[in-house]
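Using full-length UniProt numbering, the letters of the sequence shown correspond one by one to residues 1 to 445. C-beta: ideal position from N, C-alpha, C; glycine also. Predicted model only: the values in this text are computed from it and were never measured. Written out below as structure tokens is the structure these notes cover.
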Amino acid sequence: MSFKSSVAAGAGHLSYSVLHNVFNRGSSLPGLIALKIDPDILYHYKDRYDFVIVGGTNGKTTATALAVQALKQKYPDVLYNPTGSNMKRGIATIFVSAPKPKKKGLAVLEVDEANIVRIVKYFKPKAFVFTNLFRDQLDRYSELYATWDRMLEGVRMAPKATIIANADDPIFNSVDLPNPRVWYGFDDQPMGNLEAPSNTDGVVCPKCHHIIHYGFITYGGLGAYFCPNCGHKRPDLDYRVTAVDEMTSADSIVKFDDYEFKIPVGGSYNIYNALAAYSLSRFIGVEQADIKTAFEKSPEIFGRQERVQIGDKEMVIIMVKNQIGVDTVLDMIKTDKDPFSFAFMLTALPADGEDTSWIWDCNFETLKEHDIPYYLVGASNYKDAATRFKFGGFTDVNVEPDPAKLIDRIKEMPTKRLYVVTCYTAMRQLRKALAEQKLIDGGME
Numbered sequence: 001m002s003f004k005s006s007v008a009a010g011a012g013h014l015s016y017s018v019l020h021n022v023f024n025r026g027s028s029l030p031g032l033i034a035l036k037i038d039p040d041i042l043y044h045y046k047d048r049y050d051f052v053i054v055g056g057t058n059g060k061t062t063a064t065a066l067a068v069q070a071l072k073q074k075y076p077d078v079l080y081n082p083t084g085s086n087m088k089r090g091i092a093t094i095f096v097s098a099p100k101p102k103k104k105g106l107a108v109l110e111v112d113e114a115n116i117v118r119i120v121k122y123f124k125p126k127a128f129v130f131t132n133l134f135r136d137q138l139d140r141y142s143e144l145y146a147t148w149d150r151m152l153e154g155v156r157m158a159p160k161a162t163i164i165a166n167a168d169d170p171i172f173n174s175v176d177l178p179n180p181r182v183w184y185g186f187d188d189q190p191m192g193n194l195e196a197p198s199n200t201d202g203v204v205c206p207k208c209h210h211i212i213h214y215g216f217i218t219y220g221g222l223g224a225y226f227c228p229n230c231g232h233k234r235p236d237l238d239y240r241v242t243a244v245d246e247m248t249s250a251d252s253i254v255k256f257d258d259y260e261f262k263i264p265v266g267g268s269y270n271i272y273n274a275l276a277a278y279s280l281s282r283f284i285g286v287e288q289a290d291i292k293t294a295f296e297k298s299p300e301i302f303g304r305q306e307r308v309q310i311g312d313k314e315m316v317i318i319m320v321k322n323q324i325g326v327d328t329v330l331d332m333i334k335t336d337k338d339p340f341s342f343a344f345m346l347t348a349l350p351a352d353g354e355d356t357s358w359i360w361d362c363n364f365e366t367l368k369e370h371d372i373p374y375y376l377v378g379a380s381n382y383k384d385a386a387t388r389f390k391f392g393g394f395t396d397v398n399v400e401p402d403p404a405k406l407i408d409r410i411k412e413m414p415t416k417r418l419y420v421v422t423c424y425t426a427m428r429q430l431r432k433a434l435a436e437q438k439l440i441d442g443g444m445e
């Protein structure tokens with residue numbers, strides 16, 4: 001390392017030690033400090049690791065966390081960003097805070113879609129893992145194809161990297177690339193002939209722009225797609241869901257390639273995330289039995305169905321950031337057979353996306369099919385959320401502008417369980433308060 005880079009790494013490492021050990025924080029500020037001193041410090045880590053980049057709209061953090069648990073069976077010290085801090089400063093924090101590996105290590109990096117090109121500038125990945133593309137943060141990404149074009153800028157800088165992609169998303173097979181491809185998807189349902197629902201992202205074929213059809217749909221615009229006009233269709237699968245034997249609000253029992261796995265988070269969307277992790281792990285050379293053990297021992301993931309015990313009540317924290325995320329979470333929650341209360345926390349800072357109009361596309365009304373005795377909306381944009389619930393026909397909706405006060409408000413709820421569906425900033429505020437009260441191990445910067 002040059003002198004400037006050594007100073008940058010040292011300053012970042014020191015700030016991380018202080019923030020992490022004293023304040024239970026430090027997911028991005030140490031990297032920001034290091035980058036201020038040496039904007040190109042990431043260059044100096046390119047020979048220490050093999051790299052995998054995980055990208056997509058939803059599921060990056062969960063897919064990365066599950067993959068890391070499995071990959072540890074082969075690489076004891078896998079470097080990754082457990083808090084999901086996926087901008088350049090968060091990536092830099094990972095490296096300046098980590099000890100130098102004794103031999104070449106593996107770094108599995110969750111990277112924001114618009115930042116992939118900025119990260120690939122510094123090191124060429126062994127593989128990309130792509131989860132899905134949905135409409136997300138309209139002020140930042142505008143629409144699906146603009147997001148895909150940004151991601152492709154990074155992919156084209158690494159033509160030898162293998163792309164491990166969700167075959168059920170039509171956009172990932174829409175462009176010819178020199179990269180080797182590995183495809184994963186669902187293969188557990190009979191084939192039919194369904195048109196894409198009109199309220200679904202990507203209803204048109206990405207090749208010819210006619211309405212796309214499906215043999216079956218899993219959720220949103222994902223499934224066994226084909227275009228009756230131009231013949232564009234889902235590619236053959238390398239790794240597949242062959243059975244979903246049980247799915248609850250807490251976990252799922254599935255078969256990948258006819259081998260049984262228990263996934264420690266609920267919902268069909270998390271089956272996709274686990275399948276992405278499985279596919280990467282198999283590509284790297286991890287055996288199925290080791291992946292199964294790793295999934296079963298996987299710790300809870302920041303804000304992804306994170307369960308917190310508060311007295312005799314349980315708070316389940318689930319982060320969302322777009323309409324499809326909310327709707328899939330609602331579908332998962334509704335499988336819970338026990339009584340529960342429901343809170344929706346809405347924030348609109350840059351990390352969340354400043355346009356909140358997406359909440360009007362969410363199917364909150366489906367909650368009224370269940371006997372939910374207590375609703376609450378909150379956080380800084382609680383007025384927008386309250387208006388949405390009012391026009392949705394909900395009555396007696398409680399309001400709490402401060403996410404931290406949910407810890408006290410849970411005591412007044414008539415159920416033992418509260419689902420908190422929350423945007424990123426509100427989750428951060430809530431977790432900070434939980435950490436201060438020693439209800440969880442650590443907060444989040």
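The beta strand (DSSP E) enclosing residue i, as first and last residue numbers
i: S252; result: S252 to F256
i: W148; result: From DSSP, W148 is part of no beta strand (DSSP E) but of the alpha helix (DSSP H) over L144 to V155.
i: N398; result: V397 to E400
i: S28; result: It is not in any beta strand (DSSP E) - S28 carries neither H nor E in the DSSP assignment.
i: V129; result: A127 to F130
i: Y225; result: L222 to F226
Opposing strand residues paired with residue i [DSSP bridges]
i: L106; result: D50 and V78
i: F172; result: Answer is none; F172 lacks a bridge partner.
i: V182; result: I164
i: I317; result: E306 and V420
i: F391; result: Paired residues: none, contrary to the question.
i: I211; result: V204
Spatial neighbours of residue i in its chain, beta-carbon cut-off 7 Å, leaving aside the 5 residues before and after
i: K207; result: S174, C227, C230 and H232
i: A11; result: I33, A34 and I37
Assigned secondary structure, residue i (DSSP; H/G/I helix, E/B strand, else coil)
i: D245; result: strand
i: L194; result: strand
i: Y375; result: strand
i: T328; result: helix
i: Q305; result: strand
i: F283; result: helix
i: V120; result: helix
i: A114; result: helix
i: G10; result: helix
i: A348; result: coil
i: K292; result: helix
i: S5; result: helix
i: A276; result: helix
i: I271; result: helix
i: A34; result: helix
i: S357; result: helix
i: T366; result: helix
i: I333; result: helix
i: S341; result: strand
Proximity below 8 Å, CB of residue i to CB of residue j
i: K121; j: A161; result: no
i: D187; j: V241; result: yes
i: D169; j: L133; result: yes
i: F216; j: G192; result: yes
i: F130; j: I91; result: no
i: V316; j: G267; result: no
i: I407; j: L434; result: yes
i: I94; j: N115; result: no
i: N322; j: T356; result: no
i: T61; j: E110; result: yes
i: A343; j: L367; result: no
i: V420; j: F283; result: no
i: K126; j: A294; result: no
i: A385; j: L439; result: no
i: A67; j: A277; result: yes
i: V117; j: R89; result: no
i: H213; j: L194; result: yes
i: Y55; j: N273; result: Note on identity: in this sequence residue 55 is Gly, with Tyr being the wrong assignment. Contact: no.
Boundaries (first-last residue) of the alpha helix (DSSP H) holding residue i
i: A63; result: K60 to L71
i: Q429; result: Y424 to E436
i: S380; result: It is not in any alpha helix (DSSP H) - S380 carries neither H nor E in the DSSP assignment.
i: K262; result: From DSSP, K262 is part of no alpha helix (DSSP H) but of the beta strand (DSSP E) over Y259 to I263.
i: A92; result: K88 to S97
i: P406; result: First, the residue type needs correcting, since residue 406 is Leu and not Pro in the sequence shown. Where L406 is concerned, the enclosing alpha helix (DSSP H) stretches over L406 to R409.
Neighbourhood of residue i by C-beta distance below 6 Å, restricted to the same chain and skipping five residues each side
i: D352; result: C423, Y424 and T425
i: Y141; result: Caution applies to Y141, whose pLDDT of 45 falls short of 50 and renders its modelled position unreliable; the model cannot decide the point.
i: T248; result: G266 and T335
i: P180; result: T162
Close-in-space but distant-in-sequence residues of the same chain around residue i (CB under 8 Å, 5 per side omitted)
i: V7; result: I37 and D38
i: R156; result: L177
i: Q437; result: I407
i: A404; result: Q429, L430, K432 and A433
i: S15; result: G26, L29, P30 and I33
i: D139; result: Note that D139 has pLDDT 46, beneath the 50 cutoff, so the model's placement of it is unreliable and the number below is only indicative. Within the same chain, D139 has close Cβ partners G353, E354 and D355.
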